[in-house]
Amino acid sequence: MLVDSHCHLNFPELAERVDEALALMRENRVTHALCVSVTLEDFPGVRALAERYPHVYGSVGVHPDYPDVPVVTEKDLLERADHPKIVAIGETGLDYFRIKSDTDWQRERFRTHIRAARRCRKPLIIHTREAAADTLRLMDEERAGEVGGVMHCFTESWDVARAALDQGFHISFSGIVTFKNAEALRDVARRVPLERLLIETDSPYLAPVPFRGKTNEPGLVRYVAEEIARQRGLTVEEVGAASSENFFRLFNIRKDAHA
Ligand SMILES: [Zn+2]
Ligand SMILES: [Zn+2]
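Numbering (this note's numbering), first residue to last: 130 to 388.
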């Protein structure tokens with residue numbers, strides 16, 4: 130049994146073939162998927178999928194890679210998070226790779242998300258790229274650890290993982306862990322405590338080996354689990370069981386609620 134803790138099933142590449150994607154999930158025994166929102170504009174699409182499919186859940190957040198959207202308020206997030214299938218706040222965080230110039234608004238937006246998460250007591254889905262120090266500092270300053278969450282699509286060093294774990298966060302690995310040049314990341318994947326480990330696709334992006342360059346989809350999370358199992362000397366069933374347990378606990382999801 131496997132769970133995809135982070136996908137974008139509502140993005141056009143997948144939205145036009147949702148039924149096929151859900152069929153591959155069944156085939157690969159992927160029982161649940163969390164569809165993550167990146168803007169308030171895309172949120173209704175996320176919510177519609179979560180309402181339509183019992184084993185699909187959603188989140189609400191405005192991603193740091195979107196500079197030209199209206200300022201998001203705590204109220205905007207809280208109103209949308211007040212829904213039984215919306216289980217997290219995010220994705221949010223900092224991305225200094227895509228956006229180099231003025232990034233004050235990114236930090237402000239990130240703080241807003243952490244405050245909203247603390248108010249509604251839902252966990253955070255955090256994206257960080259070339260911004261690890263600031264990400265960890267803001268998490269600490271805003272006491273993100275009170276609700277916890279996940280550092281998604283993790284690509285940072287063990288030191289960053291350690292600091293996030295110390296703040297009570299989980300670490301989620303994507304198909305990047307299967308990439309040829311990702312030896313340092315595989316080392317991190319061997320060291321994260323099993324009870325804090327999640328797996329994800331971040332589909333439609335980042336298809337794992339041997340599908341690299343193709344459209345990714347939730348069913349392919351199996352290949353992420355297989356690589357982590359190989360690295361840790363575990364079976365894929367053991368990695369699947371542990372990461373799924375972590376998913377249900379973190380996002381407060383009842384295990385039996387699937388199709
Ligand atoms: Zn992300
Ligand atoms: Zn994402």
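Backbone N, C-alpha and C define an ideal beta-carbon position, used for all residues, glycine too.
Asked                                                                                                                      : Found
Residue range of the unbroken beta strand (DSSP E) whose run includes D331                                                 : Note, D331: premise wrong, no beta strand (DSSP E); not H, not E.
Simplified DSSP state of H242, which is helix, strand or coil                                                              : helix
Coil, strand or helix - L223 by DSSP                                                                                       : strand
For I254, the first and last residue of its enclosing beta strand (DSSP E)                                                 : 253-258
Residues sharing a beta bridge with L163, DSSP                                                                             : Y186
N157 vs R351 beta-carbon contact at 7 Å                                                                                    : yes
Reduced DSSP secondary structure (H/G/I, E/B, other) of F283                                                               : coil
Backbone secondary structure at V198 - three-state DSSP                                                                    : coil
Minimum length 3: unbroken beta strand (DSSP E) runs contained in the region 311-374                                       : 326-328
Check: E220 C-beta below 6 Å from any heavy atom of ligand 2                                                               : yes
Beta-carbon contacts of S303 that lie in its chain and below 7 Å, excluding the five residues immediately before and after : C282, E329, T330, D331, L335, V353
Nearest-angstrom beta carbon gap, C164 and D195 [assumed within contact, 8 Å]                                              : Note that residue 195 corresponds to Tyr in the displayed sequence, not to Asp. Not confirmed; about 17 Å, so no contact.
For P333 and E145, the rounded distance between their alpha carbons                                                        : 12 Å
Cβ contact (3+ pairs, closer than 8 Å) linking the region 166-182 and the region 235-249                                   : no
The beta strand (DSSP E) enclosing V132, as first and last residue numbers                                                 : 131-136
Residue burial classification, V317 (beta-carbon count within 10 angstroms, cutoff 16)                                     : buried
Backbone CA spacing between L169 and V189 [nearest angstrom]                                                               : 7 Å
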